[in-house]
Structures are given as structure tokens and as C-alpha cells.
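*Asks:*
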Amino acid sequence: MTGPAKRSVTIAGHRTSVSMEPEFWSALRAIAAEEGRSLADLLTDIDKTRNNRNLSSAARVFVLNKLKT
Numbered sequence: 001m002t003g004p005a006k007r008s009v010t011i012a013g014h015r016t017s018v019s020m021e022p023e024f025w026s027a028l029r030a031i032a033a034e035e036g037r038s039l040a041d042l043l044t045d046i047d048k049t050r051n052n053r054n055l056s057s058a059a060r061v062f063v064l065n066k067l068k069t
């Protein structure tokens with residue numbers, strides 16, 4: 001696993017940076033494609049349900065939970 005890669009994404013009309021390992025970015029893109037939606041749309045939904053976690057952490061947990069199902 002390589003170090004985190006920072007990406008800029010637009011969530012709810014606001015530009016923000018998210019830093020995650022490339023493997024998580026790849027998994028998120030695959031999940032979004034499988035669901036027929038954009039990465040930004042998927043991250044927007046993750047953002048809405050993240051509670052007190054930062055977005056990077058919430059996205060990683062989302063990927064891990066998807067792998068369990």
C-alpha cells in the first residue's frame with residue numbers, strides 16, 4: 001500500500017480535499033461505477049452519514065463495510 005493521495009472533490013457544491021491511499025480511491029471508483037453514479041455523488045452520500053468522523057475516515061469505513069457485504 002502506498003501513501004495517501006490527496007484529491008479535490010465537490011460535495012454539496014463545495015470544493016474540498018480528501019486524502020486517502022490509492023487503493024481506497026480505486027475501490028470507491030469501482031463502487032460508484034457498479035452503482036452507476038459518479039464518485040462525487042457517492043462521496044456526497046458518505047458525507048451526509050459520516051457523523052463526527054472526517055470524510056477520509058468515513059470513506060475508508062464505507063469501503064470496508066461494502067467489502068463485508
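Counting along the sequence shown from 1, when you hit position 65 you're at 65 in this note's numbering, and nothing is skipped either side.
Ideal Cβ positions, reconstructed from N, Cα and C, are used throughout, including at glycine.
The structure presented is a predicted model; accordingly, all values stated were derived computationally and were not measured.
Over what stretch of residues does the alpha helix (DSSP H) that includes Arg60 continue unbroken?
*Replies:* Position 60 of the sequence shown holds residue 60. Its alpha helix (DSSP H) spans residues 55-68.
*Asks:* Let's see if you can read the secondary structure: which residues bound the beta strand (DSSP E) around Thr16?
*Replies:* Position 16 of the sequence shown, counting from 1, holds the residue named residue 16. Its beta strand (DSSP E) spans residues 14-20.
*Asks:* Can the beta-carbon of Ser20 be found closer than 8 Å to that of Arg60?
*Replies:* Sequence index remark: in the sequence shown, residue 20 carries index 20 (1-based). Sequence index remark: in the sequence shown, residue 60 carries index 60 (1-based). For the sequence presented, residue 20 should be read as Met rather than Ser. Taking 8 Å as the Cβ cut-off, Met20 and Arg60 qualify as a contacting pair.
*Asks:* In whole angstroms, what separates the C-alpha of Ile46 from that of Ala58?
*Replies:* Taking the first residue of the sequence shown as 1, we reach residue 46 at position 46. Taking the first residue of the sequence shown as 1, we reach residue 58 at position 58. The straight-line gap from Cα to Cα measures roughly 7 Å.
*Asks:* Tell me which residue opens and which closes the beta strand (DSSP E) that Thr44 is part of.
*Replies:* Walking along the sequence shown from the start, residue 44 turns up at place 44. That residue, Thr44, is in no beta strand (DSSP E); its alpha helix (DSSP H) goes 39-48.
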